[in-house]
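Peer 1:
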Amino acid sequence: MGLFDYAPAPESRSVVDLKPSYGLFVDGEFVDGSAGAFKSVNPATEEVLAEVAMADAADVDRAVAVARRAYDEVWSRMPGNERAKYIFRIARIIQERARELAVLESLDNGKPIRESRDVDIPLAAAHFFYYAGWADKLGHANLGPDPRPLGVAGQVIPWNFPLLMLAWKVAPALACGNTVVLKPAETTPLTALLFAEICQQADLPPGVVNILTGAGATGAAVVGHPGVDKVAFTGSTEVGRMIAKQVAGTSKKVTLELGGKAANLVFEDAPLEQAIEGIVDGIFFNQGHVCCAGSRLLVQESVAEEVVDRLRERMKTLRVGDPLDKNTDIGAINSAEQLAKIRTLTEAGEAEGATRWSPPCELPERGFFFAPTIFTGVSQAHRIAHEEIFGPVLSVLTFRTPAEAVEKANNTAYGLSAGVWTDKGSRILWLAKQMRAGVVWANTFNRFDPTSPFGGYKESGYGREGGRHGLEAYLDV
Numbered sequence: 001m002g003l004f005d006y007a008p009a010p011e012s013r014s015v016v017d018l019k020p021s022y023g024l025f026v027d028g029e030f031v032d033g034s035a036g037a038f039k040s041v042n043p044a045t046e047e048v049l050a051e052v053a054m055a056d057a058a059d060v061d062r063a064v065a066v067a068r069r070a071y072d073e074v075w076s077r078m079p080g081n082e083r084a085k086y087i088f089r090i091a092r093i094i095q096e097r098a099r100e101l102a103v104l105e106s107l108d109n110g111k112p113i114r115e116s117r118d119v120d121i122p123l124a125a126a127h128f129f130y131y132a133g134w135a136d137k138l139g140h141a142n143l144g145p146d147p148r149p150l151g152v153a154g155q156v157i158p159w160n161f162p163l164l165m166l167a168w169k170v171a172p173a174l175a176c177g178n179t180v181v182l183k184p185a186e187t188t189p190l191t192a193l194l195f196a197e198i199c200q201q202a203d204l205p206p207g208v209v210n211i212l213t214g215a216g217a218t219g220a221a222v223v224g225h226p227g228v229d230k231v232a233f234t235g236s237t238e239v240g241r242m243i244a245k246q247v248a249g250t251s252k253k254v255t256l257e258l259g260g261k262a263a264n265l266v267f268e269d270a271p272l273e274q275a276i277e278g279i280v281d282g283i284f285f286n287q288g289h290v291c292c293a294g295s296r297l298l299v300q301e302s303v304a305e306e307v308v309d310r311l312r313e314r315m316k317t318l319r320v321g322d323p324l325d326k327n328t329d330i331g332a333i334n335s336a337e338q339l340a341k342i343r344t345l346t347e348a349g350e351a352e353g354a355t356r357w358s359p360p361c362e363l364p365e366r367g368f369f370f371a372p373t374i375f376t377g378v379s380q381a382h383r384i385a386h387e388e389i390f391g392p393v394l395s396v397l398t399f400r401t402p403a404e405a406v407e408k409a410n411n412t413a414y415g416l417s418a419g420v421w422t423d424k425g426s427r428i429l430w431l432a433k434q435m436r437a438g439v440v441w442a443n444t445f446n447r448f449d450p451t452s453p454f455g456g457y458k459e460s461g462y463g464r465e466g467g468r469h470g471l472e473a474y475l476d477v
């Protein structure tokens, strides 16, 4: 070991009581599924964590019927201040069980424990706290004099932030008086099932929250069910298109938060040390499994060489490995399928003439891992410059003028987020107006707060989640 090498600092798994098998959560209790079971795997070790029930159309029918009954008889009739007590209780229990949730999230998802512990779980609790506060104030949300809940919300969430995406969707739905049928991602169902236990612990009325595990067919059954009044989906643009077609012609209200190819713009007057940290956080946080990741770095030509040199030095300090080690910066890729996609696109980048670089990095022998990677010499025609890789891969492009920066930043099918690094406040405000992105961060990146809305333009979807705006998606206004 060198002078400044880190000794292993693993988080204990003993705080998590993993069951050998899990059922569906319907009407306040766990029940068997009708379509067999699938395995949830630890992507860092390829170890099978548990067998999880697979829901089919009959299970979806039952869950929607139960959610409808809970909506008609209990939840929609309950005063907002009473609903708030349950939501607040859920938030407190998430805090109390934070360590357990963080370890389980890292086991099932592959993200570093310090990200689960310091970002995902605290933010999930914060969303429940925030929307608990709105439950008895809906008439003051500037959404009309008498906003009413929609009914049953069918929600499908992704694998990159399993519990946090659950919170983004469940908390506002419950605050507004809706009931929920939620389908977590097939590769990361375990924290959603632990959340079901939290609902039991909070004495949430049966049927208010129902959780159906399964693959794409289960999600399609939830989205297409005639008894669902509201559809909320976070995931790929490809699946988002399918959902939009599926619900077209119905009265269902829809929110879609889809893919992205965010531009992170660095100007010559930017605070470069701060910008380097923002670039690293923007693309290597959560292994790049972030829809709003800053996967395109646009640097002003006069400082491009210096920025790339500094970035390479910083990347040499990133630690790739065991997600449960508190020193790990980059954990495991979520699945073998996603790892194969990342490899395919990086190989395409090399084949098309871009220059690939990764720091010296010894990857674990087992599990799904990929070294942090940057490409220089990238043109806008390259696949890596316009296709979402969803991994720890950064494409570096250059610009000369602010107008060219805007043109290149907007030259994408997506429009979810962007970042600007400059010392000039006037330039930040001008760029924020010019860029077609739902969120523009200034001299920071990947900063989230439950009070702030989030969503995109173009193929990044429509609708907003978070903040007061997030209530509108779950109300008849």
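Going by the UniProt record's numbering, the sequence shown runs without a break in its numbering and finishes at 477. Built from N, CA and C at the ideal position, the CB exists for glycine as well.
#1: For TYR462, which three-state DSSP category applies?
#2: Does the distance from the C-beta atom of PRO162 to that of ASN81 stay below 8 Å?
#3: Determine the burial state of MET1: buried for a count of at least 16 other Cβ atoms within 10 Å of its Cβ, exposed for fewer.
#4: In the DSSP assignment, what are the bridge partners of ASN210?
#5: Under 8 Å between the Cβ atoms of ALA275 and TRP421?
#6: If you draw a straight line from the C-alpha of PRO43 to the C-alpha of THR401, how long is it?
#7: According to DSSP, is ASP136 helix, strand or coil?
#8: Let me know if THR451 comes out buried or exposed under the rule of 16 or more other beta-carbons within 10 Å of its beta-carbon.
#9: For the beta strand (DSSP E) that TRP75 lies in, which residues bound it at each end?
#10: On a CA-only basis, which of ALA7, VAL439 and GLU51 is nearest LEU18? Give me that one, please.
#11: Residues bridged to GLU237 by DSSP?
#12: Report, in whole angstroms, the separation of the C-beta atoms of ASN264 and PHE445, which I expect to be a contact under 8 Å.
#13: Which whole runs of the beta strand (DSSP E) in the region 376-404 are 3 residues long or more, in chain order?
#14: Once you ignore the five residues that flank ALA141 on each side, which residues in its own chain have a CB closer than 6 Å to its CB?
#15: For PRO20, count neighbouring C-beta atoms within 10 Å of its own C-beta (all shown protein chains included) and say buried if the count is 16 or more, exposed if not.
#16: Alpha carbons only, please: which of ALA270, THR45, GLY139 and THR234 is nearest the one belonging to LYS111?
#17: For the alpha helix (DSSP H) holding ARG319, just list the boundary residues, first then last.
#18: Might you give, ordered along the chain, the residues of its own chain that have their beta carbon closer than 7 Å to the beta carbon of ALA53, omitting 5 neighbours on each side?
#19: For chain C, find out if any of its Cβ atoms is closer than 8 Å to the Cβ of LEU163; answer yes or no.
#20: In three-state terms, what does DSSP make of PRO189?
#21: Kindly indicate the opening and closing residues of the beta strand (DSSP E) around GLU472.
#22: Can you name the residues that DSSP bridges to ASN42?
#23: Would DSSP call PHE195 helix, strand or coil?
#24: What are the boundary residues of the beta strand (DSSP E) that THR355 is part of?
#25: Should LEU107 and LEU182 be called a contact, given that it needs their Cβ atoms to be closer than 8 Å?
#26: Apart from the five residues just before and just after GLY28, which ones in its own chain have a Cβ nearer than 6 Å to its Cβ?
#27: Below 8 Å on the Cβ atoms is my contact criterion, and I expect GLY436 with ASN410 to pass it. Report the Cβ-Cβ distance as a whole number of Å.
#28: Kindly confirm or deny that the region 224-234 and the region 362-369 touch, where touching means at least three C-beta pairs closer than 8 Å.
#29: With DSSP run on the structure shown, which of helix, strand or coil describes LYS261?
#30: Could you check the C-alpha separation between ALA84 and MET78 for me, to the nearest Å?
#31: Just mark SER417 as buried or exposed, buried being the case when its beta carbon has 16 or more other beta carbons within 10 Å.
#32: So is LEU164 buried or exposed if we call it buried at 16+ other beta carbons inside 10 Å?
#33: How far does the beta strand (DSSP E) with VAL66 in it extend, from its first residue to its last?
#34: Starting from ALA220 and walking both ways along the alpha helix (DSSP H), at which residues does that stretch end?
#35: Would you list, in sequence order, the uninterrupted alpha helix (DSSP H) runs of no fewer than 4 residues that lie entirely inside the region 81-152?
#36: Does the beta carbon of GLU313 fall short of 7 Å from some heavy atom of the ligand HEM?
Peer 2: Per the coordinate set shown:
#1: In the sequence shown, residue 462 corresponds to position 462, counting from 1. Three-state result, TYR462: strand.
#2: Counting from 1 along the sequence shown, the entry for residue 162 is found at position 162. Counting from 1 along the sequence shown, the entry for residue 81 is found at position 81. No.
#3: Position 1 of the sequence shown holds residue 1. The pLDDT assigned to MET1 is 49, lower than 50, so where the model puts this residue is not dependable; a value taken from the coordinates is nonetheless given after this. Exposed: under 16 other Cβ atoms inside 10 Å.
#4: Start at 1 with the first residue of the sequence shown, and residue 210 comes out as number 210. Note: ASN210 sits in a beta bridge opposite VAL181.
#5: For the purposes of this step, residue 275 is taken as the residue at position 275 of the sequence shown. For the purposes of this step, residue 421 is taken as the residue at position 421 of the sequence shown. Yes, the pair counts as a contact, with Cβ atoms nearer than the cut-off.
#6: Counting from one through the sequence shown, the residue named residue 43 turns up at place 43. Counting from one through the sequence shown, the residue named residue 401 turns up at place 401. Near 43 Å, if we compare the C-alpha coordinates of THR401 and PRO43.
#7: Here residue 136 is taken as the residue at index 136 of the sequence shown, counted from 1. Coil at ASP136, not helix or strand.
#8: If you number the sequence shown from 1, residue 451 lands on position 451. With fewer than 16 Cβ atoms within 10 Å of its Cβ, THR451 is classed as exposed.
#9: Within the sequence shown, numbered from 1, the residue matching residue 75 stands at position 75. From DSSP, TRP75 is part of no beta strand (DSSP E); its letter is neither H nor E.
#10: Taking the first residue of the sequence shown as position 1, residue 18 is located at position 18. Ranking ALA7, VAL439 and GLU51 by Cα distance to LEU18 puts GLU51 first.
#11: Working through the sequence shown from its first residue, we reach residue 237 at position 237. The question names Glu, yet the displayed sequence has Thr at residue 237. In DSSP, THR237 forms no bridge with anything.
#12: Residue numbering aside, residue 264 sits at position 264 when the sequence shown is read from its first letter. Residue numbering aside, residue 445 sits at position 445 when the sequence shown is read from its first letter. Contact holds; Cβ gap of about 6 Å.
#13: Here the runs fully enclosed are 393-399.
#14: By one-based count along the sequence shown, residue 141 stands at place 141. Excluding positions up to five away in sequence, the list reads ARG468 and LEU471.
#15: Working through the sequence shown from its first residue, we reach residue 20 at position 20. When all chains shown are included, PRO20 counts as exposed.
#16: Against the sequence shown, residue 111 aligns to sequence position 111. Taking only the C-alpha atoms, the option nearest LYS111 is THR45.
#17: As a first step, residue 319 is located in the sequence shown; it is residue number 319 there, counting from the start. No alpha helix (DSSP H) contains ARG319, which DSSP labels as neither H nor E.
#18: Within the sequence shown, the letter at position 53 stands for residue 53. So the qualifying residues of the chain are TYR22, GLY23, LEU24, ASP32, GLY33, ALA37 and THR213.
#19: Of the chains in the structure shown, none is chain C; there is only one protein chain.
#20: In the sequence shown, residue 189 corresponds to position 189, counting from 1. Note: PRO189 maps to coil in three-state DSSP.
#21: Mapped onto the sequence shown, residue 472 falls at position 472. Here GLU472 belongs to no beta strand (DSSP E); instead the alpha helix (DSSP H) covers 469-472.
#22: As a working note, residue 42 is residue 42 in the sequence shown. In the DSSP output, where bridge partners are listed per residue, ASN42 has GLU47.
#23: As a working note, residue 195 is residue 195 in the sequence shown. PHE195: helix per DSSP, three-state reduction.
#24: Along the sequence shown, read from residue 1 onward, the residue named residue 355 stands at position 355. Unbroken beta strand (DSSP E) run through THR355: 355-357.
#25: Translated into the one-based positions of the sequence shown, residue 107 becomes position 107. Translated into the one-based positions of the sequence shown, residue 182 becomes position 182. Cβ atoms of LEU107 and LEU182: not closer than 8 Å.
#26: In the sequence shown, the residue the question calls residue 28 occupies position 28. Result list for GLY28: PRO206, in chain order.
#27: Counting from 1 along the sequence shown, the entry for residue 436 is found at position 436. Counting from 1 along the sequence shown, the entry for residue 410 is found at position 410. Note on residue identity: the sequence assigns Arg, not Gly, to residue 436. Confirmed, Cβ separation roughly 5 Å.
#28: no
#29: Here residue 261 corresponds to residue number 261 of the sequence shown, with the count starting at 1. Reduced to three states, the DSSP call for LYS261 is coil.
#30: On the sequence shown, residue 84 is found 84 positions in, with the first residue counted as 1. On the sequence shown, residue 78 is found 78 positions in, with the first residue counted as 1. Whole-angstrom Cα-Cα distance: 10 Å.
#31: Translated into the one-based positions of the sequence shown, residue 417 becomes position 417. Classification for SER417: buried.
#32: Here residue 164 refers to the residue found at position 164 of the sequence shown. The residue is buried, with at least 16 neighbouring Cβ atoms inside 10 Å.
#33: As a first step, residue 66 is located in the sequence shown; it is residue number 66 there, counting from the start. That residue, VAL66, is in no beta strand (DSSP E); its alpha helix (DSSP H) goes 57-70.
#34: The sequence position of residue 220 within the sequence shown is 220, counting from 1. From DSSP, the alpha helix (DSSP H) with ALA220 extends over 216-224.
#35: 98-109 and 121-134
#36: What this structure holds is no ligand at all, so the ligand HEM is not there to describe.
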